[in-house]
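*Asks:* Let me begin by handing over the structure; questions about it come next.
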Amino acid sequence: MTFVTRFAPSPTGYLHRGHAYSALTAFEAARAAGGRFLLRIEDIDATRCRPEYDAAILEDLAWLGLRWEEPVRRQSEHLTDFETAIAGLRDRGLVYRCFKTRKEIDIGRAPHAPAVAYVGAPLDAREEAERLALAEPFAWRLSLAAAHKALDGFDHLTFVEEGVDGSSPRTVQARPETAGDIVLARKDVGVAYHLAVVHDDALQGVTHVIRGEDLFEATHIQRLLQALLDLPTPVYRHHGLLTGADGKRYAKRDKAQTLRELRATGVGAQDLRAELGFS
Ligand code: GLU
């Protein structure tokens, strides 16, 4: 089996050191395995993604010495693929319309308390028809209860986490219930991250998902979606996140740490690669 991995950034800002580390980790893993490396642009959120960031991603990664297969898949060009997948789930009674606003869902939550996993239920047919007639916007949510029934429980859902160097694989029991009834199709976009990522990893034949450990928790619900959509489960390698001198992880808001800023101040690609632990 050929090793296939990818780097899948969202063009909502310029890439920073943390992205460089993630992209290099995936790229070098593909090289070490004699495999393939893909770049996928996750640009479903038209309000936050910008073409100039998309162009900058390609430029910055090329500067860093990365090469990827063409054509690059851009999720915004394939929205109907995702709609088809959601329609399939809908036909099987696994999703329901949710008209609630974020505010309605958050009622009773203290201002800084973490968002709780939302678990809802379909509206009764009459109320739903009324709201549809009024053209009220709605999201499609996955019904965990229906999924649990369809799959005869979640106990058999596991995934393999190899750790960053692949030296200590362990089997993880997926706990999708911790995520709640996630949104599969947003009110505004028609799809949401979890569905798009699972769909595209399978479509592109990704065998190894290599990404930051901030997405480890997301794997639980993504594993459930793979089961529901009858898609293969890749092997996962979640790497630690880089932190700055202040101990905080890099974020898109840290302007001084973007690859373009570093480049402008005279840092060479080779210097940065070495600093991040790559030759
Ligand atoms: N597009 C996601 C992000 O930029 C990453 C998706 C993934 O690697 O699974 O955070």
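Counting in this note's numbering, the sequence shown runs from 622 upward without gaps. The C-beta atom is built at its ideal place from N, Cα and C for all residues, glycine as well.
(1) With a floor of 3 residues, list each beta strand (DSSP E) that falls wholly inside the segment 840-886, ordered by position along the chain.
(2) By alpha-carbon positions, which one of D851, Q825, Q696 ends up nearest to P632?
(3) Hey, quick one: how far does the beta strand (DSSP E) through R638 stretch, first residue to last?
(4) Quick one: residues in its chain with C-beta nearer than 7 Å to the C-beta of L687, no 5 flanking neighbours on either side, listed in chain order?
(5) Among S788, L846, A756, E690, which one has its Cα closest to the Cα of I803?
(6) Would V819 be called buried (16 or more neighbouring beta carbons within 10 Å of its own) or exposed?
(7) Between T854 and the rest of its own chain, which residues show a CB-CB distance below 7 Å, the 5 nearest in sequence each way excluded?
(8) Measuring straight from C-alpha to C-alpha, what distance separates D776 and I842?
(9) Run through DSSP, which three-state label would T623 get?
(10) Using the C-alpha atoms, what's the distance from A754 back to V856?
(11) For the ligand SAM, any of its heavy atoms closer than 7 Å to the Cβ of S697?
(12) Taking just the CA atoms, how far does G655 sit from P735?
(13) So, using beta-carbon positions, are I707 and L816 closer together than 8 Å?
(14) So is the beta-carbon of R832 under 7 Å away from any non-hydrogen atom of the ligand GLU?
(15) Please return the same chain residues whose Cβ sits closer than 6 Å to the Cβ of R577, not counting the five positions on each side in sequence.
(16) So, at 6 Å on beta carbons, what are the nonlocal neighbours of E782 in its own chain, with the 5 sequence-adjacent residues on each side left out?
(17) From the DSSP output, in three-state form, read off I726 for me.
(18) Give a single yes or no on whether P630 has its beta carbon closer than 7 Å to a heavy atom of the ligand GLU.
(19) Would you report the Cα separation of A767 and R730, rounded to the nearest angstrom?
(20) Could I get the ranges of all uninterrupted beta strand (DSSP E) runs contained in the segment 673-758, with 3 residues as the minimum, in chain order?
(21) Secondary structure at A766, three-state DSSP: helix, strand or coil?
(22) Where do the ends of the alpha helix (DSSP H) carrying V830 lie?
(23) Alpha helix (DSSP H) containing L897: first to last residue?
*Replies:* Let me spell this out:
(1) 856-860
(2) Position 11 of the sequence shown holds residue 632. If we check each option's Cα against that of P632, Q696 comes out closest.
(3) Residue 638 sits at position 17 when you count from the first residue of the sequence shown. Element bounds for R638: not the beta strand (DSSP E) but the alpha helix (DSSP H), 638-653.
(4) In the sequence shown, the residue the question calls residue 687 occupies position 66. If we look at L687 and ignore the five residues flanking it on each side, its Cβ neighbours are A644, F648.
(5) As a working note, residue 803 is residue 182 in the sequence shown. Checking every option, the nearest Cα to that of I803 belongs to L846.
(6) One-based indexing of the sequence shown puts residue 819 at position 198. Flag for V819 reads buried.
(7) Stepping through the sequence shown from its first residue, residue 854 is reached at position 233. Counting only Cβ-Cβ distances below 7 Å, and skipping sequence neighbours, we find F780, R844, Q847.
(8) Residue numbering aside, residue 776 sits at position 155 when the sequence shown is read from its first letter. Residue numbering aside, residue 842 sits at position 221 when the sequence shown is read from its first letter. Approximately 13 Å between the Cα atoms of the pair.
(9) Translated into the one-based positions of the sequence shown, residue 623 becomes position 2. Coil, per DSSP.
(10) Taking the first residue of the sequence shown as position 1, residue 856 is located at position 235. Taking the first residue of the sequence shown as position 1, residue 754 is located at position 133. Spanning the two alpha carbons is a distance of roughly 45 Å.
(11) Questions concerning the ligand SAM fall outside what the structure shown contains, since the ligands it does hold are the ligand GLU.
(12) Within the sequence shown, the letter at position 114 stands for residue 735. Within the sequence shown, the letter at position 34 stands for residue 655. Taking the straight line joining both Cα atoms gives about 42 Å.
(13) The residue you call residue 707 lines up with position 86 of the sequence shown. The residue you call residue 816 lines up with position 195 of the sequence shown. Cβ atoms of I707 and L816: closer than 8 Å.
(14) On the sequence shown, residue 832 is found 211 positions in, with the first residue counted as 1. Yes, the ligand GLU has a heavy atom inside 7 Å of this Cβ.
(15) This structure does not reach residue 577, given that the chain is present from 622 up to 900, and the question cannot be answered.
(16) Counted from its first residue, the sequence shown places residue 782 at position 161. Result list for E782: R791, V793, Y857, in chain order.
(17) On the sequence shown, position 105 is the one that residue 726 refers to. Reduced to three states, the DSSP call for I726 is helix.
(18) Reading the sequence shown from its first residue, position 9 is the one you call residue 630. P630: yes, Cβ under 7 Å from the ligand GLU.
(19) What you label residue 767 is simply residue 146 of the sequence shown in a count that begins at 1. What you label residue 730 is simply residue 109 of the sequence shown in a count that begins at 1. Near 26 Å, if we compare the C-alpha coordinates of R730 and A767.
(20) Segments of the beta strand (DSSP E) lying fully in the segment 673-758: 716-719.
(21) Taking the first residue of the sequence shown as 1, we reach residue 766 at position 145. In the structure shown, A766 sits in a helix (DSSP, three-state: H, G or I).
(22) Here residue 830 refers to the residue found at position 209 of the sequence shown. Note, V830: premise wrong, no alpha helix (DSSP H); beta strand (DSSP E) at 829-833.
(23) For the purposes of this step, residue 897 is taken as residue 276 along the sequence shown, with counting starting at 1. No alpha helix (DSSP H) holds L897; DSSP gives it neither H nor E.
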